[in-house]
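Engineer: Pasting a structure below so you can have a look.
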């Protein structure tokens with residue numbers, strides 16, 4: 145089994161598809177990288193619209209790194225024959241933040257419990273085999289709200305620390321969103337404050353306030 149640091153994970157670079165056929169039944173698999181449940185629902189709706197005449201739209205997804213955010217849905221197939229085999233492939237390929245939807249077109253012949261399990265497992269596996277699986281780092285996104293007088297210090301600190309600028313809004317007040325690697329965010333926040341405030345790192349702690357600067361956590365991606 146692959147081992148990663150606590151803030152890294154594997155997911156898909158982009159959506160992919162897979163297919164499996166058995167005794168006239170066709171199983172079409174759609175795999176997506178996802179980051180929140182609202183996004184999952186949008187993809188489920190999209191697949192249902194693509195295949196309104198399909199008998200079943202079964203799926204499984206897993207989010208996060210703690211193993212507690214997941215779902216497996218059989219959508220009318222016998223219990224445990226669809227969603228669980230799909231989820232099992234997510235775990236076999238060691239991916240998270242991933243959704244797989246498998247659409248079934250019935251071919252007129254009953255496949256039985258073992259046949260269904262194999263079909264949903266094989267179609268999900270094919271979608272993952274066709275995908276580019278990448279390693280990503282969990283990042284926390286922070287908003288820096290600051291006076292324009294601090295603009296040179298802020299931009300210089302961001303450049304020196306090689307931080308990603310996610311978004312900015314330089315209207316009446318300057319707002320800059322930055323991404324910090326989750327595993328080293330505490331140290332990076334201290335460095336950021338020290339550089340913007342022209343302080344030694346020893347002079348900075350979690351409660352240090354820099355005049356004209358506010359730092360707010362937004363979300364994790």
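Residue numbers (this note's numbering): 145 to 365. Note that beta-carbon positions come from the ideal geometry of N, C-alpha and C, so glycine has one too.
Report yes or no: do three or more beta-carbon pairs, one from the region 321-328 and one from the region 297-309, lie closer than 8 angstroms?
Structural biologist: Cβ pair count under 8 angstroms is three or more, so yes.
Engineer: Should residue 358 go down as buried or exposed, given a rule of 16 or more other Cβ atoms within 10 Å for buried?
Structural biologist: For the purposes of this step, residue 358 is identified with residue 214 of the chain shown, where counting begins at 1. Per the 10 Å Cβ criterion, exposed.
Engineer: Hey, out of 193, 185 and 245, whose CA is closest to residue 175's CA?
Structural biologist: As a working mapping, residue 175 is identified with position 31 in the chain shown. Out of 193, 185 and 245, 245 has the C-alpha closest to the C-alpha of residue 175.
Engineer: Based on the DSSP secondary-structure assignment, which residues constitute the bridge partners of residue 162?
Structural biologist: What you label residue 162 is simply residue 18 of the chain shown in a count that begins at 1. In DSSP, residue 162 forms a bridge with 173.
Engineer: For residue 282, which three-state DSSP category applies?
Structural biologist: Along the chain shown, read from residue 1 onward, the residue named residue 282 stands at position 138. Note: residue 282 maps to coil in three-state DSSP.
Engineer: Shortest alpha-carbon distance to residue 222 belongs to which of 202, 304 and 158?
Structural biologist: The residue given as residue 222 occupies position 78 in the chain shown. Nearest of 202, 304 and 158 to residue 222, Cα basis: 202.
Engineer: Which partner residues does residue 313 have in the DSSP bridge list?
Structural biologist: For the purposes of this step, residue 313 is taken as the residue at position 169 of the chain shown. Looking at the DSSP assignment, residue 313 forms a beta bridge with 319.
Engineer: Should residue 291 be labelled buried (16 or more other beta-carbon atoms within 10 Å of its own) or exposed?
Structural biologist: Your numbering for residue 291 matches position 147 in the chain shown. Exposed, since its Cβ has fewer than 16 Cβ neighbours within 10 Å.
Engineer: I'd like to confirm the pairing. Which residues does DSSP put opposite residue 262 in its beta bridges?
Structural biologist: As a working note, residue 262 is residue 118 in the chain shown. Note: residue 262 sits in no beta bridge, so no partner.
Engineer: What's the gap between the Cα of residue 347 and the Cα of residue 340?
Structural biologist: In the chain shown, counting from the first residue as 1, residue 347 sits at position 203. In the chain shown, counting from the first residue as 1, residue 340 sits at position 196. In a straight line, the C-alpha of residue 347 is about 13 angstroms away from that of residue 340.
Engineer: According to DSSP, residue 288 sits in a beta bridge with which residue or residues?
Structural biologist: The residue labelled residue 288 in the question sits at position 144 within the chain shown. In DSSP, residue 288 forms a bridge with 320 and 359.
Engineer: Where do the N-terminal and C-terminal ends of the beta strand (DSSP E) with residue 326 fall, by residue?
Structural biologist: Here residue 326 is taken as the residue at index 182 of the chain shown, counted from 1. Element bounds for residue 326: n/a, residue is neither H nor E.
Engineer: Among 225, 272, 208 and 338, which residue has its Cα nearest to the Cα of residue 236?
Structural biologist: In the chain shown, counting from the first residue as 1, residue 236 sits at position 92. Among 225, 272, 208 and 338, the Cα nearest to that of residue 236 belongs to 272.
Engineer: How is the beta strand (DSSP E) around residue 117 delimited, first residue to last?
Structural biologist: Only positions 145 to 365 of the chain appear in this structure, which leaves residue 117 out of reach.
Engineer: Measuring CA to CA, which of 229, 168 and 154 is closest to residue 264?
Structural biologist: Position 120 of the chain shown, counted from the first residue, corresponds to residue 264. Of the candidates 229, 168 and 154, the one whose C-alpha sits nearest the C-alpha of residue 264 is 229.
Engineer: CA-CA distance, residue 275 and residue 209?
Structural biologist: Mapped onto the chain shown, residue 275 falls at position 131. Mapped onto the chain shown, residue 209 falls at position 65. Those two C-alpha atoms are separated by around 20 angstroms.
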